[in-house]
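Note that UniProt numbering numbers the first sequence so that position 378 is 378, with each residue one more than the last. Down below is the structure, laid out as structure tokens.
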Amino acid sequence: MVAAAGNRAASAGNPPAAEVSEAPVRLVVVRADPSILHVDLDAFFAAVEQRDKPSLRGKPVVVGGIGLRGVVSTASYEARRYGVRSAMSTAEARSRCPHAAYLGTRFEVYRETSQAVMAQMRALSPLVEPLSLDEAFVDLAAAGLHDLTVEDVHAIGMDLKEAIREASGGLTASVGAGTSKLIAKIASDLDKPDGIVVVPAGTEAEFLAPMQVTVIPGVGPATAQRLGLIGVRTVAELQQLSEEELVRQVGVAHGSSLHRLAVAADARAVVSDRETKSISVEDTFETDLIDRSLLAAISDRMAHRVAERLQKAQLSGRTVTVKTRMHDFTTHTRSSTLAGPTDDSRVIARVARRLLEDSDVSGGIRLLGVGVSSLADWIQDDLFTESEDVPIDLAVLPERPRERLTGYYPGQDVVHAQHGAGWVWGSGRGRVTVRFETATTPAGPVRTFAVDDPELTRLERVVAEEDSSSTGTA
DNA sequence: TCTGGGGTCCTAGGACCC
DNA sequence: TCTGGGGTCCTAGGACCC
């Protein structure tokens, strides 16, 4: 499993231990009893608001962005009767249901409630996979429960629903159960709200057959349209298609997975503790912004928030990405990968600013985002603990062979090595660490600077000049 | 009354190395 | 000398999910 490789192994400079390559799976073994539960809290954000404000109970409540460009996160069932849906613009929701209560989100409260609910699932089984604040898979087999009948699972599910109600202050959940994640997930949606559906083992393919292809998670509007063009609208029709044909239509990965899911051949394991792959912050503006200095200042603040979240999670990352969305909703990203991971807001901010400068902003942008990916769960502690006070002879720099400067980007932090060749730097906690290399000393001394150390700036300038002169004469 | 914010995964092309 | 094929990394974009 890729997920088992871990952040450390996935990081540059730490090649993963040899992984056992998996043979192509022909036979998909699906468990023999419906021991996977999918639990989905009903209209979660709206239900929390109704719980905390009794005056809202029984009334239409819409939670989400309440500004000019807001969208609905969750509508209470009372509001859904007026056609209000998730992802709908708040403006449209207001026109459909003017008398609803429109509330901004209170994520801290939702997080707290979610944790109380997840704790009830963990009390039932050690193997719980949260998908979001309001959804999770629970693996009953991991709790030592085997040979479960439909009645057994139904009783377990009802008990869990009751436990969730008590732990959350009255929230209802819908539960689906089946022999796979796919079936459990689809089943939980069939009897909302406050329902429970257990799909007996062995009936999965016929259970799916009459449904629209869009019930399969991963089949969105684009895939549905492609399939529609070749006359496939139901899962039954999908089941008739060869894998080759599916792959032709929707690509290798999607096609082969769809081919299996159509017949409920889904052996995906329930996985707790999934690793974070990226952390980002973005904001849609009330009106489009065009002023570069204002955008740069906003970018700085976003970089700061991303860094705070990285630090809190004890993560650092190598790739900084800036996202811009134009007035016509076209979206662009610019990214840059550093030689070493960082959680330093100043480093992220500088890279983000440079990427923003490379972005076209002339028509005004409605959204700006800053993110960090290629995450590692370590911050090159080895670099920070090495000798701190080795004297550095800057005069040696011009003698450096050209190829050692590969990957240096002016304006970015110090020198920037690609794939570990050349200079190495790391940054974090307000410091930048440089490993000096010369023609005669391939692994030279290491020195750590404060980010605002003037000598670091001088060093940066020297290298930049050298870089541009070598480039100019090359 | 157009279209949030946080993510994940996949694809495709180019650079680079062997 | 010419041709070339993998593999990995990086970048950009898109589909999808809650």
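Just so it is clear, CB atoms sit at the ideal spot from N, CA and C, and this is done for glycine as well. Nothing here was measured: the structure is a model prediction, and the numbers come from that model.
Is it buried or exposed for residue i, if we count other Cβ within 10 angstroms and need 16 for buried?
i      : result
Glu399 : Low per-residue confidence applies at Glu399: pLDDT is 33, beneath 50, and the placement is therefore not dependable, though the value from the model is reported in the following sentence. Result: exposed.
Arg353 : buried
Pro34  : buried
Ala417 : Here the model assigns Ala417 a pLDDT of 34, short of 50, so the residue's position is not dependable, and the following value carries that caveat. Under this definition Ala417 is a buried residue.
Leu229 : exposed
Arg81  : exposed
Pro454 : exposed
Pro98  : exposed
Leu37  : buried
Met158 : exposed
Gly104 : exposed
Ala32  : exposed
Gly144 : exposed
Asp333 : At residue 333 the sequence reads Thr, which differs from the Asp that was named. With fewer than 16 Cβ atoms within 10 Å of its Cβ, Thr333 is classed as exposed.
Glu78  : buried
Cβ of residue i within 7 Å of Cβ of residue j?
i      : j      : result
Ser128 : Ala136 : Reading off the sequence shown, one finds Val at residue 128, where the question assumed Ser. Against a cut-off of 7 Å, the Cβ pair of Ala136 and Val128 comes out as a contact.
Trp313 : Ile348 : Strictly speaking, residue 313 in this sequence is Ala, with Trp absent from that position. Their beta carbons are not under 7 Å apart, which means Ala313 does not touch Ile348 by this criterion.
Glu286 : Gly64  : no
Leu56  : Gln50  : yes
Arg274 : Lys181 : no
Gly176 : Ser188 : yes
Ala155 : Ile164 : no
Val247 : Gly255 : yes
Ala93  : Thr74  : no
Thr319 : Arg325 : no
Ile298 : Leu261 : no
Thr113 : Val48  : yes
Val138 : Ala100 : no
Leu160 : Leu124 : yes
In terms of alpha-carbon separation, which member of the options lies closest to residue i?
i           : options                        : result
residue 475 : Gly317, Arg31, Glu308, Val232  : Look at the range of the chain in this structure, 1 to 474, and you will see that residue 475 is not part of it.
Ala339      : Ser374, Ser345, Gly104         : Ser374
Arg69       : Ser359, Val84, Gln225, Thr90   : Thr90
Pro130      : Leu315, Thr319, Val271         : Val271
Asp364      : Ala79, Ile290, Ile279          : First, the amino acid is wrong: residue 364 is Gly here, not Asp. That would be Ile290, whose Cα lies nearest to the Cα of Gly364.
Leu295      : Ser278, Thr319, Asp358, Ala222 : Asp358
Leu310      : Pro210, Arg94, Leu103, Val370  : Val370
Ser257      : Glu282, Ile279, Thr223, Val281 : Thr223
Ala87       : Gly178, Ser76, Val72           : Val72
Pro133      : Val215, Ala123, Asp283, Ala43  : Correcting the residue type first, residue 133 is Leu in the shown sequence and not Pro. Comparing Cα-Cα distances from Leu133 to each of Val215, Ala123, Asp283, Ala43, the minimum goes to Ala43.
Ser278      : Val322, Glu237, Gln240         : Val322
Val150      : Gly251, Ala184, Gly231, Val117 : Ala184
Gly170      : Arg301, Met302, Val117, Thr203 : Val117
Thr214      : Thr342, Gln225, Phe207         : Gln225
Between which two residues does the alpha helix (DSSP H) holding residue i run?
i      : result
Lys312 : 292-312
Ala253 : 252-261
Leu355 : 345-357
Ala79  : 77-80
Lys59  : Taken as a continuous stretch (DSSP letters only), Lys59 belongs to no alpha helix (DSSP H), as it is neither H nor E.
Asp159 : 150-168
Val48  : 44-52
Glu108 : 107-124
Glu206 : 204-208
Got a sec, what are the start and stop residues for the beta strand (DSSP E) residue i sits in?
i      : result
Val197 : 196-198
Thr90  : Where Thr90 is concerned, there is no enclosing beta strand (DSSP E), although the alpha helix (DSSP H) it sits in stretches over 90-96.
Ile216 : Element bounds for Ile216: n/a, residue is neither H nor E.
Thr330 : Taken as a continuous stretch (DSSP letters only), Thr330 belongs to no beta strand (DSSP E), as it is neither H nor E.
Leu41  : 36-41
Ser174 : 173-178
Leu368 : 365-376
Glu135 : 135-139
Ala101 : 101-103
Ile186 : It is not in any beta strand (DSSP E) - Ile186 instead sits in the alpha helix (DSSP H) that spans 181-188.
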